[in-house]
Amino acid sequence: SLMLLKPTGAVPHQGGSLIAPGTPYYRTLREWIAHGARLDLAAPRVAKLEVQPQNRSIEMPGGTQQMRVVAVCADGTTRDVTGEAFLESGNTEVATVDRQGVATAVRRGEAAILARYEGAYAAGRLTIMGDRAGFVWQQPETWGKIDELVAAKWHEMKIQPSDLCSDAEFIRRVYLDLAGLPPSADEVGAFLADARDPRTKRDELIEKLIGSDDFVEHWANKWADLLQVNGKFLGAEGAAAFRKWIRDELSHRTPYNEFAHKLLTASGSNRENPAASYFKILRDPLDTMENTTHLFLGVRFNCNKCHDHPFERWTQDQYYQTAAWFARVELKPDPAAGDKKIGGTAIEGEKPLYETVADKADGEVTHARTAQVTPPKFPFSCNFDPPDNATRRQQIASWITSADNPYFARSYVNRLWGYLLGVGIIEPLDDIRAGNPPTNPELLDHLTRELIQSGFDARHVIRLICRSRTYQLSIQTNPWNADDRINYSHAVPRRLPAEVLYDTICRVVGSVSRIPGVPPGTRAAALPDAGIGLPDGFLANFGRPARESACECERSNDLQLGPVMALISGPTVDSLISDPGNDLSKLAASDMPDPALVEEIIVRILNRPAAAAEIETGLAVLRGIPEEHRQLAAGLEQLEKELAPDIAEMEKARQTAVDKASAELTAYEKEIAPREAELEKQHQQAIADAETALKQYESGLAERLAGWEEQAKQTREWSPLDPAELAATNGATLARQEDLSVLASGANGKGTYKFVARSDKPALTGIKLEALADERLPSKGPGRAPNGNFVLTEFRAEWTPEGQPDKEVAITLQNAQADFSQNGYEVASAIDGQKAPQNNGWATVPKIGEDRTAVFEIKDDAVSGPGTLTLSLDQEYADGMHTLGRFRISVTASPRPVTLDGLPKNIADILAVAADKRTDAQKAELLVYYRGLDGELKKLQQALAEAKKPRPVDPKLQQLRDRLSEAGRPVPLPPKLLQLRNDVALSTKQLAKARATFAQDLAWALINSPAFLFNR
């Protein structure tokens, strides 16, 4: 059998030799073939895996541990499958595992060991202790269950935690974490002066902050990120309304499960019910499912869209089954939006500003692999209580937000812990999976229970975390926790998020925020739209998310060169610090003693008392300002003296060059004067000739206008063509309809429609193409793209006289007109000979779901007598979906010019009035319209404009003029001199306001320090 010959390498095999004769795998396969190679569907399937040992410690790097994988079948039987299972380490820097299941320690730390076998997954944990010689466990003080669970892990890992942070560190940390703003200098002073025990006054401060307006604003901003509050999807009005809804829900203390349930079941217009914006943003059932499971469950279902997840329990079937719960969400335009639209591209049309969300009676999801409709099914079971006659959305919302759902509460408390501690119990915060187990499962379980038992009160969990001693530890490490990154034995310095950083700078310098598009004083954390920002990109540079996904990874907290430069030299920080109306200026202008000024600025910015050495250093800088100015001025004076002779010499040389260039220019102008006079005479004669020709032509304008009036009153006759032959190179089916239109169905893609029809008209002058709406097309067409659009890349025509098949000629089309063209896709580009896959051809977004018309004038009279017209409709748009769905072809033999049927209403109204009864205003309006149609008139007007253009300047004359201009430039001064002059001028201004200058410089230095940039 080839099933034995190939894997053993007995015959050529691309996969190489996989098994050897006589091995257990070989014998198993051979015996199965010998018994008829029967498929036993009743064989017990693997129900779960067990990794043994589940939690093992290895003392030193280099040590090994044999891992064992046991498969538990549905009938209760077990089997050791270590040799067949796939094992891998979740952290190869800490431990590795080989094909035989032997784990090897690399360095101190923790690593998950993930096993997978026949669709089942399990994980164990290895702890590599490392050299802990001399460690003596000292039981730390604990303030509650959180501290007990964290301390148990420290004891296991032989970690000694840091001490409690100082009161100054705590007040700054908790203000920034809970309110997104720093404490004021007065608040810092009052807190530090409070003689009560630290725990009591800290608990009181936590209680004060939780639920405050600043707290609500700060946490609403986090949810605005996760829910993608973005004007790109919602428009400015929709984004503001959605942001306000989020803020109101947090302010009203809506339980987390109700908050999520409201979003997932929101119906009606997103104007009246902004929560419905959730579906306006996501739109598609697949995108909605991926976003929802990621956001509310911390599970990344996008990994199993095309196949079963390679490392997790989730299958491709579950992907489409879960998406089916959102398949019956319907979006319709809200009439309240009027003509206001959002976005719009060639691929995706504009959307109404407001849309209504509803549950419809039909709508399914088609499985990508089976091409079959996939009924809804939950990926795992849990207890939940949907309402009677629940819609699909109500059912999945109840399932997701159930207290029995093992992911819902668990994923949210992990986010909260990560937000407040700087590192999650599971990292990344939104990636819960078997191969990424929690660092402290007991702690995660405890927080999950607290959230559920509190009625999903997020503030309760936030309060518990902030009151814990673990949250209040110092960033200062000791020899026994310096290498700890995941067990919370010391605080982690965290760079301030973009919005918090900007708001904090405004607060500490006492400057009013001025962000374009919102009222002065608006916090960056309160901005309703991701599209609103600062002109220099400050918020984006510091990692504010674009709000285009629910992933936590959208926000960046790195400190790279761009953000650093935005602080050091950026206009945002400079304008806030140098604002003459800010608190720094007021402090500097007050009678506050210099030492108190230094102390006040440091307390305001760093939220801690200033050290004596810091005050003395600041005073030294302040006292040194006059001396620095004196030295600058003396340096400038000395440099001016040194450079004076050189500058005088350069000025002399400049004047000599000017005199020479001026003389050469004057001589040459005299030399060419006769020739220039003759050329100017010819130029004026050309203008006169063009003016004469134009006047002569205009003298006959009235007669031609009268003839045009008679023609315009006649109705242009269009005759639809009956197709004799239809074909499509993209495999589409083109079918003739009773009204002589053509309907496309079946396959879609780039290609050309061929339309062949006979015409008996004596002399064709124009072709009309009607793109027709139809209920059978996506979005009613007239195109076959999902939004109903099409792109006619090129429209070509050939004519074959009857009985002369060898006389086929290409028809030149001109004067293309349409009743509507999409921006960037004008109808004229359909006859320009170009076939670019984008930004070319005729398209009609946002005017979809309705008929559109285009006409093309035949340039000459070659199309005469009976014959056959062959049209080619090239459709080459990049995505292969933008083809015509239904169209009709008509021709005319009426006199040129060929225009769209019907005149503008104002012109038609004028023509309806007898010529001798028209007012002067009507006559003038009619004349203006006709002049716009007269091609010959346009040519003569263009000829006059060309004649009036200035004559070209003599090249040598221009050269001499340029030479004089160049010679006359001021003498370039040395850069050092220019810089020193600027420095002295600035120093003079600063000297007049020495304290204000000092206050700004000190603030700038402190704001650019890590002590300010990081929450410590």
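When you read off a place in the sequence shown, starting at 1, and then add 11, the result is the number in the working numbering. All C-beta atoms, glycine included, are put in the ideal place defined by N, C-alpha and C. These figures come from a predicted structure and were not determined experimentally.
Beta-carbon proximity of I436 to L454, cut-off 8 Å: For the purposes of this step, residue 436 is identified with residue 425 of the sequence shown, where counting begins at 1. For the purposes of this step, residue 454 is identified with residue 443 of the sequence shown, where counting begins at 1. For I436 and L454, yes; Cβs fall inside 8 Å.
- request: Jot down the residue ranges of each uninterrupted beta strand (DSSP E) in the region 694-748, minimum 3 residues, whole runs only, in chain order.
  value: Within the region 694-748, the beta strand (DSSP E) runs of at least 3 residues that lie entirely inside it are, in chain order, 734-739, 743-747.
Within 8 Å, strictly: CB atoms of A1016 and L598: Walking along the sequence shown from the start, residue 1016 turns up at place 1005. Walking along the sequence shown from the start, residue 598 turns up at place 587. Going by C-beta atoms, A1016 is not nearer than 8 Å to L598.
task: Give every residue of the same chain whose Cβ lies closer than 8 Å to the Cβ of N568, excluding the five residues on either side of it in the sequence, and list them in chain order.
output: Indexing the sequence shown from 1 puts residue 568 at position 557. Same-chain partners within the cutoff: R505, R506, P508, G554.
- prompt: Can H272 and A408 be called in contact, C-beta distance under 8 Å?
  reply: In the sequence shown, counting from the first residue as 1, residue 272 sits at position 261. In the sequence shown, counting from the first residue as 1, residue 408 sits at position 397. A Cβ-Cβ contact shorter than 8 Å links H272 with A408.
- request: Please say whether V866 and Q828 have beta carbons closer to each other than 8 Å?
  value: The residue given as residue 828 occupies position 817 in the sequence shown. The residue given as residue 866 occupies position 855 in the sequence shown. Yes; because the gap between Cβ atoms is below 8 Å, this pair is in contact.
task: Provide the residue span of the beta strand (DSSP E) that contains E61, from first to last.
output: For the purposes of this step, residue 61 is identified with residue 50 of the sequence shown, where counting begins at 1. Bounds of the beta strand (DSSP E) holding E61 are 57-63.
query: I612 lies in the alpha helix (DSSP H); which residues open and close that run?
result: Position 601 of the sequence shown holds residue 612. That run of the alpha helix (DSSP H) goes 605-617.
field: Presumed contact (8 Å Cβ cut-off) between A445 and A134, rounded CB distance
entry: Here residue 445 corresponds to residue number 434 of the sequence shown, with the count starting at 1. Here residue 134 corresponds to residue number 123 of the sequence shown, with the count starting at 1. Contact check for A445 and A134: beta-carbon distance about 5 Å, within the 8 Å limit, so the pair qualifies.
- request: Please name the residue, chosen from W729, T265, E228, P398, that lies closest to P906 on a Cα-to-Cα basis.
  value: Sequence index remark: in the sequence shown, residue 906 carries index 895 (1-based). It is W729.
- prompt: Taking C-beta to C-beta, are T804 and K870 nearer than 8 Å?
  reply: Walking along the sequence shown from the start, residue 804 turns up at place 793. Walking along the sequence shown from the start, residue 870 turns up at place 859. It is not a contact, given that the beta carbons lie outside the stated cut-off.
message: Could you tell me which whole beta strand (DSSP E) segments of length 3 or greater appear in the region 752-805?
response: Runs found: 753-757, 762-770, 777-782.
query: When the Cα atoms are used, what is the spatial distance from K362 to P417?
result: The residue given as residue 362 occupies position 351 in the sequence shown. The residue given as residue 417 occupies position 406 in the sequence shown. Roughly 37 Å separates the two Cα atoms.
message: So, for G878: in the same chain, excluding its five sequence neighbours on each side, which residues have a beta-carbon less than 7 Å away from its beta-carbon?
response: Your numbering for residue 878 matches position 867 in the sequence shown. Annotation for G878: S770, W810, T811, P812, E813 place their beta carbon closer than 7 Å to its own, counting only its chain and skipping 5 residues before and after.
field: Three-pair Cβ contact test at 8 Å for the region 272-285 versus the region 377-384
entry: Not touching, per the Cβ criterion.
- request: Could you pull out every residue in the same chain whose Cβ sits closer than 6 Å to the Cβ of I588, ignoring the five residues on either side in sequence?
  value: Stepping through the sequence shown from its first residue, residue 588 is reached at position 577. Excluding residues within five positions, the ones whose Cβ falls inside 6 Å are V520, Q1011, A1014, W1015.
Simplified DSSP assignment, three categories, for R962: Here residue 962 corresponds to residue number 951 of the sequence shown, with the count starting at 1. Residue state for R962 is assigned as coil, using DSSP reduced to three classes.
- request: Quick one: grab the DSSP three-state call for F467.
  value: Stepping through the sequence shown from its first residue, residue 467 is reached at position 456. Coil.
N- and C-terminal bounds of the alpha helix (DSSP H) containing P296: The residue you call residue 296 lines up with position 285 of the sequence shown. Per DSSP, P296 belongs to the alpha helix (DSSP H) from 296-308.
- prompt: Helix, strand or coil: how does DSSP classify Q828 here?
  reply: Taking the first residue of the sequence shown as 1, we reach residue 828 at position 817. It is a strand residue.
task: Could you check which residue in E375, P1021, I921, T333 has the C-alpha nearest to that of W410?
output: Mapped onto the sequence shown, residue 410 falls at position 399. Taking only the C-alpha atoms, the option nearest W410 is T333.
- prompt: In terms of residues, what are the limits of the beta strand (DSSP E) holding Y418?
  reply: Taking the sequence shown and counting its residues from 1, the one referred to as residue 418 is at position 407. It is not in any beta strand (DSSP E) - Y418 carries neither H nor E in the DSSP assignment.
query: Is DSSP giving Y365 helix, strand or coil here?
result: As a position in the sequence shown, residue 365 is number 354, starting the count at 1. Here Y365 sits in coil by DSSP.
query: What's the call for V511, buried or exposed, on a 16-neighbour Cβ count within 10 Å?
result: Against the sequence shown, residue 511 aligns to sequence position 500. Burial call: buried.
- prompt: Is it true that the region 848-860 meets the region 814-822, where meeting means three or more beta-carbon pairs spaced less than 8 Å apart?
  reply: At 8 Å Cβ cutoff, the stretches do not touch.
message: With a threshold of 8 Å, are at least 3 pairs of Cβ atoms found where one atom belongs to the region 203-218 and the other to the region 237-248?
response: They do not touch, by the three-pair rule.
query: Tell me which same chain residues have a C-beta within less than 7 Å of the C-beta of K17, skipping the five on either side of it?
result: Residue numbering aside, residue 17 sits at position 6 when the sequence shown is read from its first letter. The answer, listed in chain order, is H24.
- prompt: Under a three-way DSSP split, which group does R282 fall into?
  reply: Here residue 282 refers to the residue found at position 271 when the sequence shown is read from its first residue. Three-state result, R282: coil.
- prompt: For the putative contact between A116 and M78, defined by C-beta atoms under 8 Å, what is the C-beta separation to the nearest angstrom?
  reply: Translated into the one-based positions of the sequence shown, residue 116 becomes position 105. Translated into the one-based positions of the sequence shown, residue 78 becomes position 67. The pair is not a contact, with the Cβ atoms about 13 Å apart (cut-off 8 Å).
field: C-alpha gap between A537 and G249, whole angstroms
entry: The residue given as residue 537 occupies position 526 in the sequence shown. The residue given as residue 249 occupies position 238 in the sequence shown. Note on geometry: alpha-carbon atoms of A537 and G249 lie some 15 Å from one another.
query: Is the CB of D197 under 8 Å away from at least one CB in chain D?
result: Checking the listed chains, one finds no chain D in this structure; it contains a single protein chain.
- prompt: CB V424 to CB V472, shorter than 8 Å?
  reply: Translated into the one-based positions of the sequence shown, residue 424 becomes position 413. Translated into the one-based positions of the sequence shown, residue 472 becomes position 461. Yes.
- prompt: If you pair each beta-carbon of the region 361-376 with each one of the region 342-351, do three or more pairs fall below 8 Å?
  reply: Yes: the two stretches touch, three or more of their Cβ pairs being nearer than 8 Å.
message: Can you tell me whether T677 is helix, strand or coil according to DSSP?
response: Indexing the sequence shown from 1 puts residue 677 at position 666. If DSSP states are grouped into helix, strand and coil, T677 belongs with the helices.
message: I'd like to know whether the C-beta atoms of L775 and R899 end up nearer to each other than 8 Å.
response: Your numbering for residue 775 matches position 764 in the sequence shown. Your numbering for residue 899 matches position 888 in the sequence shown. It is not a contact, given that the beta carbons lie outside the stated cut-off.
- prompt: What alpha helix (DSSP H) runs, 4 residues minimum, are completely inside the region 917-1003?
  reply: Along the region 917-1003, the alpha helix (DSSP H) occurs as fully enclosed runs of 4 or more residues at 931-944, 946-958, 966-978, 986-1003, listed in sequence order.
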